[in-house]
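Each remark here refers to the structure printed beneath this line.
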Amino acid sequence: MQIMEKKNCFCLLFVAFLLLKVTCAYATEGALRGRFAISATDTVAFSRGNLQYQPSTSTWRFAENQWDFVGNGELGTVYEDGVKSNNALFYTYTYAYGYKYKGWMDLFGWGTGTKPTTGSTSNSDYNSWNEWGNNAIANGGNKSKLWRTLTKSEWEYVIWERDSAESLFGVGTVNGVNGTILLPDNWIIPEGLTFKAHNNTDSTAAPNKYSADEWMLMEMAGAVFLPITLERNMTPWYTAYCHTVYTEQEGRYWTKSNSYYMVTYHNGNVNRNGQMDNNYVGKAVRLVQNHEGGDLFPVVPNTNSAMFQWKSVPNAESYTLHVFSDSTRTEEVFYITFDRDGKVTGLHFIPHAPSRKSETDSTYTDRLFFYTLKGLQANTDYWYSISGEDVNGQTLQTTEGTFKTAAIEAASDRVTVDPAQTSAVFMWPTDSAANTYQIDIYKDGATFCHLTLGPTGTLVGISFAPGKNAPSDTTVPSSLSFNVTGLDAASRYNYVLSTLDANGTPIHVYTGAFATTGYSGDKPVGDGQEVIPTPPVIPADPEASETPTAIEEISGTFEGSNGKILRNGQLYLMYEGRMYDIQGNQIK
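For what it's worth, this note's numbering labels the leading residue of the sequence shown as -6, then goes sequentially.
Next comes the structure, spelled out in structure tokens:
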């Protein structure tokens, strides 16, 4: 998840209307949006995952997913260059074999922020506290002193003592990993999901269970997952090992308080108070930062879509989402209006923006709105604002932010297509000899549209079948990809993508098939592989004065033209008014 950069909160009083406009703060990169009380006066935001360290590069980072943990040779979800990471191997490789361990570790001795690989078994070597959060964390703002470790009393407060604490935690599995779930103070469960609180009185109760997609919604609503961690026991230090017995899966996290740790998960239960252990025993670390105020509502971007969420505004009768292509918020791409229940009432595109149908789904649950916008450009920065208005259209509250859609890597030997509801992003390998690219799309055996693009993927020309509206010029990413809009939803298409030289001669020809969102028929067959046709053998023609030499793409009538033609995804050769397939059989 990409989290927004920090913005200062400010309040602006509209004297004329006595209305409050609030721009909510966005936490440091790597912070989850939930607010958690750690005392009667202070709140924090948790990091996006457990802390990890790579000794070979001296790099700190947060786990890529909340459920990730390094573990040992048997358990764990973290890999580096296709090789499973193992907390024991740094010590085994370094001290026993002299090898260089290139994986990650996430079990540390107490207070080892400056010496994370310390291997001593003497507690006296761990008496000085060195904060892990003082390090620059690559995906956590990459600056020093942005994070910190909770004390024993703060951990106990967030789990057991804050308001409604008994109903805000439970055990469960996320993407197949066991652990404990903490819910934020202002919890609103996403529509369609359930949560069962766990108070250790019923150890036989079925745990909560979420897939990766379901957890994305829980995370957006502010939930925190503390996965099992195992434990590294350095006795002796050069043969460090982890628990390997499945029935002993535990989640053990250090506190800032000397020798104390929290058992967040133990065979389906959670211990109420902090426990003590030797400081040299390796345990996990989950960092926090002080909450900056306001509720964080991150955008979850994909390649050509983004999911927005926002909390309902008191007395709001409507909402408006504005999306811009520049940081000054002057180049508006489109805006979307909603009613008081979060239902779309209008999708408005600014002139010269791509024209397409509404490609959205929106849900409303209690006081939390979700809205998914599709058809965005990949690898592109966007800026947005979401505001709530009263019955007179006056703004009550506004949340602002920015996000970047994910990049799409084109395969090196084929065309790939990422379809949405009424659009599809085409990606293809660069051809240094190409003067133009052509995309021909067919539906039900007939031409649907034909696009011509320049050598850098910029639109040169477009034509649609009769009755189709051609989309206007659209912004093209720097990579060779193009978002074709104006397609029909729930439809199957075939395509041919050709690279042409300066004379219009095809250099490479790729064919494939795809279906837009909602299509319920058979899965389209065709993966964008290059077609390498066998040159046709032209039948002897005593009336022919010469063999075909002029190669050109033609359309419409065949008579009187020589050259190659792409029709309905097939390559044909035209010669003296006759049409041949690539095997040399006369078609017409």
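Glycine residues also receive a C-beta, built at the ideal position from the N, C-alpha and C atoms. The structure displayed is predicted, hence computed values, not measured ones.
Which residue's Cα is closest to the Cα of residue i: the options?
| i | options | result |
| --- | --- | --- |
| residue 48 | 308, 247 and 81 | 81 |
| residue 370 | 329, 147, 381 and 318 | 318 |
| residue 407 | 492, 375, 327 and 399 | 492 |
| residue 42 | 152, 106, 83 and 172 | 172 |
| residue 121 | 362, 245, 135 and 102 | 102 |
| residue 134 | 55, 26, 211 and 114 | 55 |
| residue 136 | 223, 23, 217 and 263 | 23 |
| residue 168 | 160, 150 and 205 | 205 |
| residue 83 | 59, 107, 60 and 111 | 111 |
| residue 412 | 485, 423 and 497 | 485 |
| residue 487 | 498, 497, 505 and 496 | 505 |
| residue 215 | 393, 440 and 25 | 25 |
| residue 51 | 114, 514 and 130 | 130 |
| residue 509 | 498, 336, 503 and 434 | 434 |
| residue 378 | 384, 363 and 394 | 394 |
| residue 424 | 438, 502 and 152 | 502 |
| residue 517 | 497, 436, 151 and 498 | 436 |
| residue 340 | 363, 316 and 362 | 316 |
| residue 582 | 409, 298 and 324 | Only positions -6 to 581 of the chain appear in the structure, and residue 582 is not among them; the question remains open. |
Counting only the same chain and skipping the five closest in sequence on each side, list residues whose C-beta sits under 7 angstroms from that of residue i.
| i | result |
| --- | --- |
| residue 200 | 164, 165, 166 and 261 |
| residue 294 | -5, 396, 397, 398 and 399 |
| residue 207 | 186 |
| residue 155 | 30 and 178 |
| residue 211 | 183, 186 and 203 |
| residue 245 | 222, 224, 254, 256, 276 and 277 |
| residue 445 | 429, 431, 453 and 454 |
| residue 106 | 123, 124, 125, 127 and 128 |
| residue 270 | 252 and 254 |
| residue 332 | 311 and 338 |
| residue 160 | 190 |
| residue 209 | 293 |
| residue 320 | 376 |
Can you name, in chain order, every residue of its own chain whose Cβ lies under 8 angstroms from the Cβ of residue i, other than the five neighbours on each side?
| i | result |
| --- | --- |
| residue 494 | 426, 427, 428 and 500 |
| residue 386 | 311 |
| residue 77 | 66, 69, 71 and 96 |
| residue 119 | 102, 103, 104, 105, 111, 113, 272 and 273 |
| residue 382 | 309, 310, 311, 312, 313, 388 and 389 |
Excluding the five sequence neighbours on either side, which residues of its own chain have a C-beta within less than 6 angstroms of the C-beta of residue i, listed in chain order?
| i | result |
| --- | --- |
| residue 46 | 53, 98 and 109 |
| residue 373 | 398 |
| residue 511 | 482 and 483 |
| residue 238 | Low confidence applies to residue 238: its pLDDT is 31, below 50, so where it sits in the model is not reliable, and the reading given next is rough at best. Same-chain partners within the cutoff: there are none. |
| residue 582 | The question about residue 582 has no answer here: the residues shown for the chain are numbered -6 through 581. |
| residue 447 | 453 |
| residue 540 | At residue 540 the pLDDT is 36, less than 50, meaning the model places this residue with poor confidence; the figure from the coordinates comes in the next sentence. So no residue of the chain qualifies. |
| residue 322 | 376 |
| residue 300 | 293 and 365 |
| residue 138 | 127 |
| residue 284 | 28, 36, 37 and 38 |
| residue 471 | Confidence in residue 471 is poor, its pLDDT being 37 and thus under 50, which makes the residue's placement too unreliable to answer from. |
| residue 151 | 29 and 31 |
| residue 330 | 313, 338 and 339 |
Below 8 angstroms on the Cβ atoms is my guess for residue i versus residue j; work out the distance and round it to an integer in Å.
| i | j | result |
| --- | --- | --- |
| residue 273 | residue 116 | 6 angstroms |
| residue 583 | residue 490 | For the chain, the structure presents residues -6 to 581; residue 583 sits outside this window and is missing. |
| residue 148 | residue 267 | 6 angstroms |
| residue 220 | residue 62 | 5 angstroms |
| residue 104 | residue 127 | At roughly 11 angstroms, the Cβ-Cβ gap does not stay under 8 angstroms, so residue 104 and residue 127 are not in contact. |
| residue 162 | residue 263 | 7 angstroms |
| residue 60 | residue 170 | 4 angstroms |
At a threshold of 7 angstroms, does residue i count as lining the ligand GDP (C-beta to nearest heavy atom)?
| i | result |
| --- | --- |
| residue 449 | With respect to the ligand GDP, the structure shown offers nothing to examine, as it has no ligands at all. |
- Item | the region 473 to 484 touching the region 412 to 429, judged by at least three CB pairs closer than 8 angstroms | yes
- Message: For the pair the region 266 to 282 and the region 142 to 151, tell me if three or more CB-CB distances fall below 8 angstroms.
- Response: yes
- Pairing CB atoms from the region 304 to 312 with CB atoms from the region 244 to 262, are three or more of them under 8 angstroms? no
- Message: Measuring CB atoms only, is the region 22 to 30 touching the region 173 to 185, in the sense that at least three cross pairs come out at less than 8 angstroms?
- Response: yes
- Query: Taking the runs of the beta strand (DSSP E) that are 3 residues or longer, which of them lie wholly in the region 33 to 88?
  - Reply: 36 to 39, 44 to 47 and 52 to 55
- Query: Which ranges would you report for the beta strand (DSSP E) in the region 386 to 445 if only whole runs of at least 3 residues count?
  - Reply: 388 to 397, 409 to 412, 416 to 420 and 429 to 436
- Task: Quick one: which unbroken beta strand (DSSP E) runs of 3-plus residues sit fully inside the region 251 to 323? Chain order, please.
- Result: 253 to 259, 281 to 283, 298 to 304 and 311 to 317
- Message: Going residue by residue through the region 96 to 167, where are the continuous alpha helix (DSSP H) segments of at least 4 residues, counting only ones entirely within it?
- Response: 145 to 149
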